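Order-wise, the sequence lines are chains A and B. For what it's worth, the UniProt record's numbering labels the leading residue of the first sequence as 1, then goes sequentially. For what it's worth, the UniProt record's numbering labels the leading residue of the second sequence as 1, then goes sequentially.
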Amino acid sequence: MQLTEKELDLLQIIEENGRMNIDVLSKMVELTEVETENMLQRLEEKRIIVEYGAVIDWRKVDNFEGVTAMIDVKVTPKREVGFDEIAKNIYRFPEVKSVYLMSGAYDLSVVIEGKSLSQVANFVSEKLSTLDSVISTTTHFILKKYKHDGTIFDQGEDDRRIVVSP
Amino acid sequence: MRNRVAQHVQQLQPSGIRRFFDLAANMEGVISLGVGEPDFVTSWGVREACIASLHNGHTSYTANAGLLELRKEISRYLVEQFEVEYRPETDVIVTVGASQALDLSIRAIVDPGDEVIVIEPCFVSYAPLIELVGGTAVKVGADAQRGFSIDFDVLESAITERTKAILLCFPNNPTGTMLSKEELIQVSRLVEKHDLLVLSDEIYAELSFDEKFTSFATLPGMKERTILISGFSKGFAMTGWRLGFVAGPTDIIEAMLKIHQYAMMCASTMAQYGAIEALKNGRQDIEAMKKSYRRRRNYFVASLNEIGLDCHNPGGAFYAFPSVKETGLSSQEFAERLLLEEKVAVVPGNVFGESGEGYVRCSYASSLEQLQEAIKRMERFVKQFR
């Protein structure tokens with residue numbers, strides 16, 4: 001879909017910060033608040049804006065450590081529906097955060113988030129590997145997040161510039 | 001003891017920014033809109049190239065004019081971006097920041113007694129650098145009513161037989177003003193008529209938001225009369241690298257190179273390797289930064305006008321230059337009280353020349369959150385004068 005320059009501008013801004021006030025947003029793209037609201041609504045209706053999300057560093061929250069695993073899944077594609085059906089069966093589980101069809105050594109890449117190691121292990125052994133069409137799984141646990149969805153974790157926010165300069 | 005400091009240095013006024021800096025530096029919780037530099041760190045690719053050059057042992061001097069590879073990249077960049085062609089072997093020097101390029105240009109063309117016209121408000125170094133070589137900086141006030149563009153009648157009336165050059169800077173520091181191509185053509189007519197040179201400080205060229213930047217050297221007949229000064233600080237977010245360049249007619253560049261080889265030898269080698277990478281692969285980063293500045297400009301300038309600080313829409317750089325006249329305070333008073341009462345640092349407009357009186361320079365190269373907070377504080381501050 002061909003978007004206008006202002007629409008692209010708007011998308012880029014809210015992709016960086018989805019919580020921006022409408023008055024700030026409208027000034028940034030040089031539109032009125034009503035125009036901006038309408039534009040956002042159109043983009044939402046067209047499912048170009050799919051969701052407003054937040055990137056959260058759960059490690060900093062007590063009792064919220066969590067475990068993320070990336071699972072390489074080999075499957076047998078089915079006639080007529082190819083990989084789509086099995087992908088759907090997998091992404092319907094709430095533990096599954098993303099599912100990608102991959103080229104190369106395996107077919108689907110599945111990202112799982114669980115409260116503990118054993119919860120993820122149970123999911124893989126009891127839910128995922130027992131699905132029809134799943135041939136094998138290889139689970140990789142994420143040990144530390146350095147950068148996620150373009151956001152660098154643990155990045156200092158200090159402004160080191162001198163306060164006043166030419 | 002005899003007077004140890006040379007007279008011409010004694011007469012030099014310290015930068016008006018300095019006193020303000022001392023005041024702001026000792027305060028906690030200040031939101032600074034006083035910074036004249038990008039809030040981005042140089043892109044990693046460029047930093048990595050610099051590190052690689054050290055790994056590879058590139059630690060000796062380069063040619064006086066800079067690495068030929070870098071000069072070739074600069075020439076290619078100037079052709080692709082600004083449609084002006086310079087021979088890398090003879091017409092380009094890599095300098096220690098655009099500041100040194102400016103200094104070299106002035107030293108190469110100004111004799112004692114010569115006059116150089118500067119359009120005020122302007123960068124704080126212009127007049128002192130001219131005065132240091134015994135020249136006279138003839139100050140011409142920009143037309144505040146028309147967003148600080150040039151008043152051509154005033155400009156022409158300032159030209160005398162001693163006038164050697166006009167120093168231009170656009171997008172401008174501190175006003176952010178862009179000159180349109182038509183305005184530049186008008187300048188070029190005066191330059192031709194009075195047989196002048198132009199020092200064109202194009203350090204903010206990459207940060208022009210609403211219209212395509214026209215390099216002065218591309219105007220008919222102007223390449224032979226233009227010394228193009230630019231660098232990596234602003235567009236490429238490389239302020240601390242101190243790397244700039246100058247391009248111009250061969251005879252003037254040759255003269256500048258003579259001074260440069262005695263005064264500087266060459267620019268820092270590792271920085272030059274970083275700059276090669278910046279020109280080869282860093283252009284996308286510029287686009288991203290420019291977009292970000294443009295959005296913040298839109299927000300910030302609209303908000304200044306909303307809170308009653310009248311501000312023209314700056315076409316480039318990352319400065320807004322709102323009027324503070326409504327408050328009845330001088331630029332200095334406004335900036336000082338805003339700092340002390342609301343902890344927002346802006347730069348008083350008069351440090352950029354007399355015609356900047358009644359205005360303050362606000363850099364919007366800060367995070368949006370900081371800008372929002374600054375607007376909130378400034379609104380609270382200006383309300384008391386209504």
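Ideal Cβ positions, reconstructed from N, Cα and C, are used throughout, including at glycine. Predicted, not measured: the structure shown is a model, and the values here were computed from it.
| Check | Outcome |
| --- | --- |
| Out of 14/B, 28/B, 19/B and 9/B, which one is the CA nearest neighbour of residue 341/B? | 28/B |
| Taking DSSP as the reference, what is the three-state secondary structure of residue 260/B? | helix |
| What are the start and end residues of the beta strand (DSSP E) that includes residue 43/B? | Per DSSP, residue 43/B belongs to no beta strand (DSSP E) and is neither H nor E. |
| Looking only at DSSP bridge pairs, what is residue 74/A linked to? | 136/A |
| Mind listing which residues of the segment 98-131 of chain B have their C-beta closer than 8 Å to chain A's C-betas, in chain order? | 123, 124 and 125 |
| Taking Cβ-Cβ distances shorter than 8 Å, what residues in chain B pair up with residue 24/A? | 299, 368 and 372 |
| Quick check: the Cα distance between residue 170/B and residue 47/B, rounded to an integer number of angstroms? | 28 Å |
| Would you mind stating whether residue 245/B and residue 233/B have Cβ atoms separated by less than 8 Å? | no |
| Just to make sure I have the definition right: I need the residues of chain E whose C-beta is within less than 7 Å of the C-beta of residue 28/A. Which are they? | The chain inventory of the structure shown lacks chain E, comprising the protein chains A and B. |
| Measuring straight from C-alpha to C-alpha, what distance separates residue 91/B and residue 104/B? | 14 Å |
| What in chain B is Cβ-close to residue 55/A, meaning under 7 Å? | Neighbours of residue 55/A on chain B: none; closest Cβ ~16 Å, over 7 Å. |
| Pick out the complete beta strand (DSSP E) segments inside the segment 314-385 of chain B, 3 residues or longer, and give them in chain order. | 360-363 |
| What's the gap between the Cα of residue 300/B and the Cα of residue 364/B? | 7 Å |
| Tell me which residue opens and which closes the alpha helix (DSSP H) that residue 101/A is part of. | Unbroken run through residue 101/A is the beta strand (DSSP E), 96-101; no alpha helix (DSSP H). |
| Does the segment 62-72 of chain A come close enough to the segment 107-125 of chain A that 3 or more CB-CB pairs lie under 8 Å? | yes |
| Less than 8 Å between the C-beta atoms of residue 98/B and residue 201/B, yes or no? | yes |
| Determine the burial state of residue 58/A: buried for a count of at least 16 other Cβ atoms within 10 Å of its Cβ, exposed for fewer. | exposed |
| What does DSSP give as the partner residues of residue 169/B in its beta bridges? | 201/B |
| Check the C-beta distance from residue 190/B over to residue 155/B and give it rounded, since I have them as a contact under 8 Å. | 7 Å |
| Which two residues bound the contiguous alpha helix (DSSP H) that contains residue 431/B? | Shown here, chain B extends from 1 to 386; a query on residue 431/B therefore has no answer. |
| Looking at the structure shown, is residue 61/A part of a helix, part of a strand, or coil, going by DSSP? | coil |
| Determine the burial state of residue 148/B: buried for a count of at least 16 other Cβ atoms within 10 Å of its Cβ, exposed for fewer. | buried |
| Please determine, among 31/A, 49/A, 8/A and 25/A, the residue with the shortest C-alpha to C-alpha distance to residue 369/B. | 25/A |
| Mind the definition here: the segment 273-284 of chain B touches the segment 73-84 of chain B only if three or more C-beta pairs lie below 8 Å; say whether that holds. | yes |
| For residue 45/B, which option in 335/B, 199/B, 284/B and 133/B has the closest C-alpha, if you only look at C-alpha atoms? | 284/B |
| Does the structure place the segment 38-52 of chain A close enough to the segment 2-13 of chain A that three or more beta carbon pairs sit under 8 Å? | yes |
| Which residue or residues does DSSP assign as beta-bridge partners of residue 31/B? | 344/B |
| Hey, is residue 13/A's beta-carbon within less than 8 Å of any beta-carbon in chain B? | yes |
| Can at least three beta-carbon pairs, one atom from the segment 336-356 of chain B and one from the segment 16-23 of chain B, be found at a separation below 8 Å? | yes |
| Is there contact here, the segment 245-256 of chain B with the segment 5-12 of chain B, by at least three beta-carbon pairs under 8 Å? | no |
| For residue 96/A and residue 48/A, what's the separation of their Cα atoms in angstroms? | 22 Å |
| Could you tell me whether the segment 323-336 of chain B touches the segment 175-185 of chain B, using the rule of 3 or more Cβ pairs below 8 Å? | no |
| Here's the rule: buried if 16 or more other CB atoms are within 10 angstroms of the residue's CB, otherwise exposed. What is residue 76/A? | exposed |
| For residue 159/A and residue 39/B, what's the separation of their Cα atoms in angstroms? | 8 Å |
| Which same chain residues end up closer than 6 Å to residue 84/B when comparing Cβ atoms and leaving out the 5 residues on each side of it in sequence? | 78, 215, 217 and 218 |
| Taking only beta carbons into account, state which residues of the segment 146-165 of chain A come closer than 8 Å to chain B, listed in chain order. | 159, 161, 162, 163, 164 and 165 |
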